[in-house]
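Structure first, commentary second.
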Amino acid sequence: MPLLMNDSEADDFLHNPDPRRDRINDRGGTIFTGRGLGNLGCLTILILGLVALFAGYPIISFTTRHLQTTQGGFNLGGINASGQVPDMPGNWGLIDKDTPKDAYTRTSFTNNKDEYVLVFSDEFNQDGRSFYPGDDPYWEAVDLHYWGTNDLEWYDPQQATTKDGYLHLTLDQVDDPADNHDLNYRSGMIQSWNKFCFTGGIIETSVRLPGSNVAPGLWPAVWTMGNLGRAGFGASLEGTWPFSYDSCDVGTLPNQTYPGTERPTWAVSNGDPYNGDVLSYQPGQRLSACTCPGESHPGPMRSDGSYVGRSAPEIDIFEATVIKDVKGQVSMSSQWAPYNAQYEWFNTTGNFQIYDPDHAELNTYVGGVYQQTTSVLQDTNQECYEQTGGCFSVYAFEYKPGFDNAYITWVSDNQPSWTVYSGALGPDSRSEIGARPIPLEPMYIIANLGFSHNFGLIDLDTLRFPSTMSIDYIRVYQPKDAIKYGCNPDDYPTADYINT
483 MPLLMNDSEA DDFLHNPDPR RDRINDRGGT IFTGRGLGNL GCLTILILGL VALFAGYPII
543 SFTTRHLQTT QGGFNLGGIN ASGQVPDMPG NWGLIDKDTP KDAYTRTSFT NNKDEYVLVF
603 SDEFNQDGRS FYPGDDPYWE AVDLHYWGTN DLEWYDPQQA TTKDGYLHLT LDQVDDPADN
663 HDLNYRSGMI QSWNKFCFTG GIIETSVRLP GSNVAPGLWP AVWTMGNLGR AGFGASLEGT
723 WPFSYDSCDV GTLPNQTYPG TERPTWAVSN GDPYNGDVLS YQPGQRLSAC TCPGESHPGP
783 MRSDGSYVGR SAPEIDIFEA TVIKDVKGQV SMSSQWAPYN AQYEWFNTTG NFQIYDPDHA
843 ELNTYVGGVY QQTTSVLQDT NQECYEQTGG CFSVYAFEYK PGFDNAYITW VSDNQPSWTV
903 YSGALGPDSR SEIGARPIPL EPMYIIANLG FSHNFGLIDL DTLRFPSTMS IDYIRVYQPK
963 DAIKYGCNPD DYPTADYINT
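With the numbering used here, the residue at position 158 of the sequence shown is 640, and numbering never jumps.
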């Protein structure tokens with residue numbers, strides 16, 4: 483360090499301006515050097531990366547995402563009514579991948595100019611399917627005794643299986659009743675309750691009936707019921723089955739009579755001869771159009787504050803029966819409440835039609851205190867039984883719901899059997915009831931093989947066990963302009979009521 487400020491130092495020349503030496507730096511320089519370009523490049527890449535991460539990635543993910551179809555389900559994620567999502571690998575869509583393409587459409591059984599489209603199918607081609615609760619998105623095999631009809635069998639999920647391209651429901655005799663809820667027989671029933679339902683259209687199934695065409699006793703059936711009632715669960719059917727009614731009158735009341743009276747007269751006389759000639763033992767329509775605001779009811783409510791009458795009606799594709807040593811038949815029917823006087827629906831010309839009177843006739847059973855029925859007994863294809871020819875026969879019904887121009891047409895061996903029109907269920911002044919609509923409720927599917935003395939003669943000497951009803955497929959079609967499937971439609975909701 484110098485002693486005086488004026489003393490010179492060896493590096494003073496570095497601090498003295500030199501115009502010649504410093505002229506380049508004094509001009510200001512340039513950023514376009516290798517280092518400068520490198521810095522700018524790094525900043526650019528960093529900025530673009532941040533934009534891509536926080537803006538580009540969400541946009542790209544949204545626009546290129548692959549949406550899973552709800553396959554007819556509802557709610558967040560497309561769940562079915564039981565909360566199951568058919569996202570398992572395999573064949574779980576509403577339309578079975580094994581359904582032939584030529585079966586994706588069909589014409590009406592009543593008017594060959596009307597085309598229907600496939601909305602649901604199950605071909606049962608996959609061997610070893612399980613129908614235990616939760617194992618299948620559309621079917622569930624029940625585990626119960628069908629006490630309502632005094633069945634002799636226990637329904638066990640293991641009795642519903644798939645093999646060789648068919649659904650098999652097998653009725654067999656057990657070795658030890660103690661292992662079978664003290665019943666000697668067990669069989670299978672599957673339901674699509676609260677999983678798949680439809681309103682209007684055609685339901686078609688190809689079936690080989692169990693046993694033989696001359697041995698009576700078995701009770702195989704494929705049928706439908708409104709989703710507000712669950713087959714086999716009696717509490718859900720109390721006051722809902724087999725109603726199809728939307729009037730507020732005596733038809734909704736217990737026994738179809740006014741409280742404390744014996745009126746209408748036709749409700750207390752000329753009824754069921756096995757039950758004191760009274761007409762009805764129904765407890766009354768639980769979810770009637772008379773329901774007061776605030777009372778339990780699934781809805782909907784009309785603009786005037788009244789409720790739509792709700793219920794669990796039944797339409798059978800078939801219930802098979804056998805005339806001993808003669809032939810096999812199917813009862814093709816629907817059940818109703820409230821009832822006409824003497825259970826006499828209006829079976830006049832124009833209200834029904836039988837297409838082949840040589841092989842079909844009105845059922846002489848028209849009802850009792852627990853149901854009224856519209857039914858025809860139709861001869862089956864006598865070869866399409868397990869122990870005879872072994873062929874499969876197509877059974878179906880086609881229906882249009884409602885009051886006006888509504889109908890149900892039943893089909894046996896792929897040919898129309900008979901039709902009931904809505905006029906047959908019109909108002910009855912004798913029992914003082916209004917018209918009953920062709921069911922408007924969402925309908926689910928049931929297939930079962932049972933037997934009960936309630937249904938007819940059981941000839942254990944000629945029946946063979948095990949006996950199996952085999953189903954090749956079940957398909958549902960609807961008109962192109964009237965697609966309506968699902969168990970919780972807006973105009974006939976069921977979910978909130980079922981879940982309460």
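Cβ atoms here follow ideal geometry from the backbone N, Cα and C, with glycine treated the same way.
For Pro-746, the three-state DSSP class (helix, strand or coil): coil
Do the CB positions of Phe-678 and Ala-642 come within less than 8 Å of each other? At a Cβ-Cβ threshold of 8 Å, Phe-678 and Ala-642 do not count as neighbours.
Take every Cβ of the region 720-737, pair it with every Cβ of the region 971-981, and state whether three or more of those distances are shorter than 8 Å. The answer is no - the region 971-981 does not touch the region 720-737, with fewer than three Cβ pairs under 8 Å.
Taking C-beta to C-beta, are Ser-815 and Asn-845 nearer than 8 Å? Yes, the Cβ-Cβ distance between Ser-815 and Asn-845 is below 8 Å.
Are there 16 or more other CB atoms within 10 angstroms of the CB of Lys-962, so buried, or fewer, so exposed? exposed
Runs of 3 residues minimum, wholly inside the region 577-640: which ones carry the beta strand (DSSP E) assignment? 587-589, 597-604, 635-637
Flag this pair as touching only if the region 625-634 and the region 714-730 have three or more C-beta atom pairs under 8 Å; answer yes or no. yes
Distance, Cα to Cα, Tyr-967 vs Asp-596? 19 Å
Alpha carbon to alpha carbon, what distance is there between Glu-843 and Ile-836? 8 Å
In terms of residue numbering, what span does the beta strand (DSSP E) encompassing Phe-452 cover? The displayed coordinates of the chain run from 483 to 982. Any statement about residue 452 would go beyond what the structure contains.
Measuring alpha carbon to alpha carbon, tell me which residue in Ala-906, Thr-891, Glu-868, Tyr-881 is nearest Gly-832. Ala-906
Mapping DSSP to helix, strand and coil, what is Leu-691? In the structure shown, Leu-691 sits in a strand (DSSP, three-state: E or B).
Starting from the N-terminal side, write out each stretch of the alpha helix (DSSP H) that is 4 residues or longer and does not extend beyond the region 648-678. none
On a CA-only basis, which of Trp-892, Gly-670, Tyr-637, Ser-694 is nearest Gly-800? Give me that one, please. At residue 800 the sequence reads Phe, which differs from the Gly that was named. Considering only alpha carbons, the answer is Trp-892.
Hey, Met-707 and Asn-930: beta-carbon distance below 8 Å or not? no
With three or more beta-carbon pairs closer than 8 Å as the criterion, would you say the region 685-704 touches the region 946-965? The region 685-704 is in contact with the region 946-965.
If contact is defined by three or more beta carbon pairs under 8 Å, each pair taking one atom from either stretch, is the region 893-901 in contact with the region 769-781? no
Exposure label - Tyr-847; buried when at least 16 CB within 10 Å: exposed
Beta-carbon within less than 7 Å of Ser-694's beta-carbon, same chain only, minus the 5 sequence neighbours each way: which residues are those? Tyr-867, Gln-869, Thr-870
Local conformation of Arg-946 per DSSP, three classes: Arg-946 sits in coil when the DSSP states are folded into three classes, being neither helix nor strand.
On the criterion of 16 or more Cβ atoms from any shown chain inside 10 Å, does Ala-802 qualify as buried, or is it exposed? buried
Closer than 8 Å is the cut-off here; do at least three beta carbon pairs connect the region 883-890 with the region 909-926? yes
Nearest candidate by alpha-carbon position, reference Tyr-727, set Val-790, Thr-982, Thr-944, Leu-942: Taking only the C-alpha atoms, the option nearest Tyr-727 is Val-790.
Are Leu-649 and Leu-700 close, meaning C-beta to C-beta below 8 Å? Cβ atoms of Leu-649 and Leu-700: not closer than 8 Å.
Whole-angstrom C-beta distance between Pro-924 and Phe-680, which should lie under 8 Å: 7 Å
Roughly how many whole angstroms lie between the Cα atoms of His-779 and Tyr-979? 7 Å
Paired residues, beta bridge with Tyr-877 - DSSP: Thr-687, Ser-894
I'd like the span of the beta strand (DSSP E) that includes Leu-976, first residue to last. Leu is not the amino acid found at residue 976; the sequence shown has Thr there. No residue range can be given for Thr-976, since it is assigned to no beta strand (DSSP E) and is classified by DSSP as neither H nor E.
State the DSSP-derived secondary structure class of Gln-824, mapped to helix, strand or coil. Under the three-state reduction of DSSP output, Gln-824 falls in the helix class.
Out of Val-601, Asp-618, Val-851, state which residue places its alpha-carbon closest to the alpha-carbon of Gln-608. Asp-618
Roughly how many whole angstroms lie between the Cα atoms of Thr-581 and Tyr-959? So the alpha carbons of these two residues sit roughly 13 Å apart.
Please state the DSSP three-state secondary structure of Ile-940. coil
Look up Leu-530 in the DSSP assignment and say whether it is helix, strand or coil. helix
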